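Positions 21 to 112 (our numbering) are the ones given, in order, by the sequence shown. For reference, the structure is listed below as structure tokens.
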Amino acid sequence: MNPTTVAHLRLSTLRRLNPAWEIMRGTDPSGRECWQATLRVEITQPMRDAGIVEVVRQPDFLSFYGALHRQAAIFVPFSAGYLIARPRTRAR
């Protein structure tokens, strides 16, 4: 498989497994690969206190996956409560 196909498969899998985040892959201003996830719900103060951040951004897939995984683990206790969703910004 070529690198673009692998990246698209990874992106698709991450989106399916992490529905609370809007996940994108692109390039930074210097043209290098960049992965980013934006939380799709409004962050409350208890969430901030627990360590949740609104945006996770990393320059490569492996570091991005690790950072997103840590955020998802922190988010689990909050996912059972009432959350205010934000509108999607990427194409559906």
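Even for Gly, the Cβ is constructed at its ideal location relative to N, Cα and C. Note that this is a predicted model, so its numbers are computed, not measured.
With respect to the 8 angstroms criterion, V76 and R106 are not classified as neighbours on the basis of their beta carbons. For A87, the enclosing alpha helix (DSSP H) stretches over residues F81 to F95. Taking every protein chain shown into account, the CB of N38 has 16 or more other CB atoms within 10 angstroms, so this residue is buried. Distance from the Cα of A92 is smallest, within the candidate group R52, P79 and L59, for L59.
For V73, there is no enclosing alpha helix (DSSP H), as DSSP marks it with neither H nor E. Fully enclosed alpha helix (DSSP H) runs of no fewer than 4 residues are not present anywhere in the region 28-56. Straight-line spacing of the CA atoms in M44 and G101 works out to 26 angstroms. Contact between E74 and I63 holds, since their C-beta atoms are separated by about 6 angstroms, short of 8 angstroms.
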